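Q: Structure incoming, see below.
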Amino acid sequence: MSAGSLRQPVTRRRFLQGAAGAAGLVTASGLLNGCVAPQAGSSAGESSAAVQGMTDVYITTLAAFADMGQSDATTMLNEEANQRGINYIVEESPEGWETKALAMIREKNVRWSANGIANAGNQWNYIQMGLVQPLDELLQTSEVPWAQTLADYYMYPNIQEATVYEGKTYYIPMKLNIHLMGYRQDYLEAAGYDTIPETWDEFEVLLGKLKETGEAEQVVPFAARKEIFRTLGTAFTTFVDNPYDENNRLRIDSEEWLQCIKMFKRWFDEGFTNLQLLQDPAPDWQKGKVAIGIDSHSWIRIGRSVWGADKVQGVVPPKVNKENPKRTWVHLDSGFVFAEAPDPQAGADWLLSVLGPEGAPADRHWSGTLTFSGMPVHTNQYDKLIGNNADYPELIDAYEAVPNSVLQPMEAGKYYPIMQAKIWPWLERYWGGEVEAETAMENVIKEVDEELAKQQG
2 MSAGSLRQPV
12 TRRRFLQGAA
22 GAAGLVTASG
32 LLNGCVAPQA
42 GSSAGESSAA
52 VQGMTDVYIT
62 TLAAFADMGQ
72 SDATTMLNEE
82 ANQRGINYIV
92 EESPEGWETK
102 ALAMIREKNV
112 RWSANGIANA
122 GNQWNYIQMG
132 LVQPLDELLQ
142 TSEVPWAQTL
152 ADYYMYPNIQ
162 EATVYEGKTY
172 YIPMKLNIHL
182 MGYRQDYLEA
192 AGYDTIPETW
202 DEFEVLLGKL
212 KETGEAEQVV
222 PFAARKEIFR
232 TLGTAFTTFV
242 DNPYDENNRL
252 RIDSEEWLQC
262 IKMFKRWFDE
272 GFTNLQLLQD
282 PAPDWQKGKV
292 AIGIDSHSWI
302 RIGRSVWGAD
312 KVQGVVPPKV
322 NKENPKRTWV
332 HLDSGFVFAE
342 APDPQAGADW
352 LLSVLGPEGA
362 PADRHWSGTL
372 TFSGMPVHTN
382 QYDKLIGNNA
392 DYPELIDAYE
402 AVPNSVLQPM
412 EAGKYYPIMQ
422 AKIWPWLERY
432 WGGEVEAETA
442 MENVIKEVDE
452 ELAKQQG
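According to this note's numbering, the sequence shown is numbered sequentially starting from 2.
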């Protein structure tokens, strides 16, 4: 396929609609100044509340994840739940839903009982905001078969740990994110390589070869994403045993962090990547103008949707030394029950059923994650979807890195939004040659500390 044959870039929403095969979502209907029409469990314009003894339970989730499988899974769940007088309705999260939900909580008039997706970087803040309620009592009173033994189903003990804050369980995992290096296999072969080299030093030599072989077609060897946890953070995890300090803050003040950003500086200086591409590399990746990127698995999946599986491959990022174990960035996105939820038990049961280890609704959700974003957290879902599936060899490699990697702690969310806001202007100045690395990071740390003090004061 030539770049000229592409009609338009594959967006998250378009990709999911094609890959997951889910029905398109209904447009906004004005409910509660921005809630949307029912997506699953009821027909448009008619609520099951009209049926005697039936209770509508509203779930909100981002459109992409409704498309990815949560809407279909809810329809499946309703086949059983309706017999108990419960009808689940999935609604697309409106713009500014956090603000709307907090206002509902203050007024004790909350529409939604649960939310299908809280990004890892937001989970700590949601607890501090009073948006989320603990699940421990709801897990004990739930009749979902695995509610009291859910931790036994997880592939790794640290998955359960990442759902707990100050001794209380607040979240149910909805997808594990293990970051990978996604690359064009045909571009590597043109440069004389079969696969990604094992160490960063060897990888840097590869980038030089890719610059030479891709110059005529203006293919940039490497693309970075302008979010800490995607490219830069993932590379950093390969430099250290633990990328977080004793306060669960990303160690941007460490010598290893400086080594990592200096490695990227060499790549900018050598023309292996550039600041313009940093702003948004996705369109160039889809057009075939990028050879390699580090990101979530969606980078690989989107590439394959355009160029095919034979031309797009993935692997855990290189190491500093060959003797080091495989490491990468790992974080956990999760669902939760709203504080002051109208039906917290039904909300928790939806999470346990749709995001659980077994059953048709869970099978639909977890198979949906593999169409775009994330991977299963349960051993049996891994065995079913990945372990015996030749379509995802890079995911087997990814899971092998998890025991050696540190799952992002929930408390890291205290610092992440501030770091994300403060670090990029200084990194771009450093990579652009305006300041030294040490000066850039001293200023970032100073600004982060000032913002933290302001928030705590």
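Even glycine gets a Cβ: it sits at the ideal position worked out from N, Cα and C. Since this is a predicted model, take the numbers as computed values, not measurements.
Hey, would you say S297 sits closer than 9 Å to H180, going by beta carbons?
A: Yes, they are a contact pair.
Q: Could you tell me the boundaries of the beta strand (DSSP E) in which V338 lies?
A: Run containing V338: 331 to 338, per the beta strand (DSSP E) assignment.
Q: With a threshold of 16 other CB atoms inside 10 Å of the CB of T75, please say whether the residue is buried or exposed.
A: Classification of T75: buried, given that the 10 Å Cβ count is 16 or more.
Q: Going by DSSP, name the residue or residues bridged to Y459.
A: Residue numbering for the chain in the displayed model covers 2 to 458; residue 459 lies beyond these limits and cannot be assessed.
Q: Between P343 and V58, is the Cβ-Cβ spacing less than 9 Å?
A: Result yes, Cβ atoms of P343 and V58 sit closer than 9 Å.
Q: How many Å lie between A217 and L211 at the Cα?
A: Answer to the nearest angstrom: the Cα atoms are 11 Å apart.
Q: Report yes or no: do three or more beta-carbon pairs, one from the region 136 to 143 and one from the region 359 to 373, lie closer than 8 Å?
A: As far as the Cβ criterion goes, the region 136 to 143 does not touch the region 359 to 373, which means the pair count is below three.
Q: Which class does P222 belong to by DSSP, given the choice of helix, strand or coil?
A: Looking at P222 - three-state DSSP - the assignment turns out to be strand.
Q: Could you work out which residue in L352, A225, A163 is closest to S114 when comparing CA atoms only?
A: Ranking the options by Cα distance to S114, first place goes to L352.
Q: Please confirm whether I303 and G315 have their CB atoms less than 9 Å apart.
A: No, the pair does not count as a contact, with Cβ atoms beyond the cut-off.
Q: Tell me whether G86 is buried or exposed, calling it buried when 16 or more other Cβ atoms sit within 10 Å of its Cβ.
A: Classification of G86: exposed, given that the 10 Å Cβ count is below 16.
Q: Over what stretch of residues does the beta strand (DSSP E) that includes D392 continue unbroken?
A: Element bounds for D392: n/a, residue is neither H nor E.
Q: In the DSSP assignment, the alpha helix (DSSP H) including A347 goes from what residue to what residue?
A: That run of the alpha helix (DSSP H) goes 345 to 355.
Q: Since Y184 sits in a beta bridge, which residues does DSSP pair it with?
A: Beta-bridge pairing links Y184 to I293, Q314.
Q: Provide the residue span of the beta strand (DSSP E) that contains M175, from first to last.
A: M175 -> beta strand (DSSP E) spans 173 to 179.
Q: In whole angstroms, give me the CA-to-CA distance for V27 and T100.
A: Unreliable placement is indicated for V27, whose pLDDT of 27 sits below 50; the coordinate value is still reported in the next sentence. Each residue's Cα considered, the two are about 22 Å apart.
Q: Taking 8 Å as the limit between beta carbons, can you name the residues of its chain near R250, skipping five residues before and five after?
A: So the list reads A413, K415, Y416, once near-sequence residues are dropped.
Q: My guess is that W268 and F223 are in contact by the Cβ rule of under 8 Å, so how many angstroms apart are they, rounded?
A: Yes, they are in contact, since the Cβ atoms of W268 and F223 sit about 6 Å apart, within 8 Å.
Q: Given I229, which residues of its chain have a CB within under 8 Å of its CB, disregarding the five upstream and five downstream residues?
A: Taken in chain order, the residues that qualify are L251, Y417, M420, Q421, I424.
Q: Measure the C-alpha to C-alpha separation of I173 and W330 and round it to an integer number of angstroms.
A: Going from the Cα of I173 to the Cα of W330 covers about 20 Å.
Q: Find out if the Cβ-Cβ distance for the pair S354, V145 is shorter than 9 Å.
A: Yes, Cβ-Cβ distance for S354 and V145 is below 9 Å.
Q: Within this structure, are the beta carbons of F405 and K327 separated by less than 9 Å?
A: Going by the sequence as given, residue 405 is Asn instead of Phe. Yes, the pair counts as a contact, with Cβ atoms nearer than the cut-off.
Q: Can you find the residues in the same chain that come closer than 8 Å, C-beta to C-beta, to E271, ignoring five residues on each side of it along the sequence?
A: Taken in chain order, the residues that qualify are L208, G209, K212.
Q: Could you round the C-beta distance between P438 and V317 to whole angstroms and report it? I think they count as a contact, below 8 Å.
A: Here the sequence assigns Ala to residue 438, which means Pro is not the residue at that position. Contact doesn't hold; Cβ gap of about 26 Å is too wide.
Q: Could you check the C-alpha separation between R365 and G54 for me, to the nearest Å?
A: Each residue's Cα considered, the two are about 28 Å apart.
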